[in-house]
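Residue numbers (UniProt numbering): 1 to 218.
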């Protein structure tokens, strides 16, 4: 994993400013723009996986939008357990408020809240590692179904756990990068957010390549 390359690859493209600005402007379109930008970042991942010397893609609205929609489907499906954990957290206080005398059941309600909250945190952390591997498998094969081949996705993480932990670190770094644009009266935040997305796309591609390389040595 080369964090430096993930930071610098954008500026190695002679047309980087035009590409980033166009992607950032498109991202301002409600809903569609965010799907496009997600797909744009995944196209970076695909190019890194293919060892493309210039991973920063030109604007291809339809292709990136399609990839973004696939990513949305993957995210929604893998988020289903989150809703299952959140539902008891939301319903238990309501049930307690509706019951006039719940003193006897309060310990049980509290236990449910603690367990569901704990499971939610654990699952969210696991998902932050799982999704990059699922996305990597998806873009490498060009198949939406590849994101749901649990054995293949798990094998990627197992082959390069350190790489996917570094992707998690990269997610935190990207979270710090995005708000930096507020320095330019808020206008630059669109550009820095876009930069953060392609930065993460590069890390996704690197992690996938590291996993494939490690699997070949096993």
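Cβ coordinates follow ideal geometry from the N, Cα and C atoms, glycine included.
Item, Value
"For residue 207, count neighbouring C-beta atoms within 10 Å of its own C-beta (all shown protein chains included) and say buried if the count is 16 or more, exposed if not.", "buried"
"Using 8 Å as the threshold, is the C-beta distance between residue 80 and residue 117 below it?", "no"
"If we ignore side chains and look at the alpha-carbon of each, how far apart do residue 109 and residue 78 end up?", "27 Å"
"Could you check which residue in 193, 6, 111 has the C-alpha nearest to that of residue 201?", "6"
"At what residues does the alpha helix (DSSP H) containing residue 10 begin and finish?", "Looking at the DSSP string, residue 10 is not in any alpha helix (DSSP H), and its letter there is neither H nor E."
"On the premise that residue 42 lies in contact with residue 135, defined as a C-beta separation below 8 Å, what is that separation, rounded to the nearest angstrom?", "6 Å"
"Take the Cβ of residue 151 as the centre, count every other Cβ of all protein chains shown within 10 Å, and call the residue buried at 16 or more, exposed below.", "exposed"
"Judging by CA-CA distance, which residue of 86, 15, 73, 70 is the nearest neighbour of residue 120?", "86"
"May I ask whether a heavy atom of the ligand NAD can be found less than 7 Å away from the beta carbon of residue 197?", "Among the ligands in the structure shown, none appear at all, so the ligand NAD cannot be discussed."
"To the nearest angstrom, how far is the alpha carbon of residue 45 from that of residue 175?", "18 Å"
"Would the stretch 161-168 and the stretch 137-144 be scored as touching if the rule is three or more Cβ pairs under 8 Å?", "no"
"Compare the beta carbon distance of residue 140 and residue 49 with 8 Å and say whether it is the shorter of the two.", "yes"
"Between residue 153 and the rest of its own chain, which residues show a CB-CB distance below 6 Å, the 5 nearest in sequence each way excluded?", "133, 134, 137"
"Among 56, 155, 212, which residue has its Cα nearest to the Cα of residue 13?", "56"
"Can you tell me which of the three DSSP states residue 128 falls into?", "helix"
"Short of 6 Å in beta carbon distance, which residues of its chain neighbour residue 177, apart from the five on each side in sequence? Order them along the chain.", "192, 196"
"Is residue 24 near residue 171, with beta carbons less than 8 Å apart?", "no"
"Straight-line CA distance for residue 38 to residue 68?", "5 Å"
"Which word fits residue 47, buried or exposed, when buried means at least 16 other C-beta atoms lie within 10 angstroms of its C-beta?", "buried"
"For residue 110, which of helix, strand or coil comes out of DSSP?", "helix"
"Helix, strand or coil: how does DSSP classify residue 200 here?", "helix"
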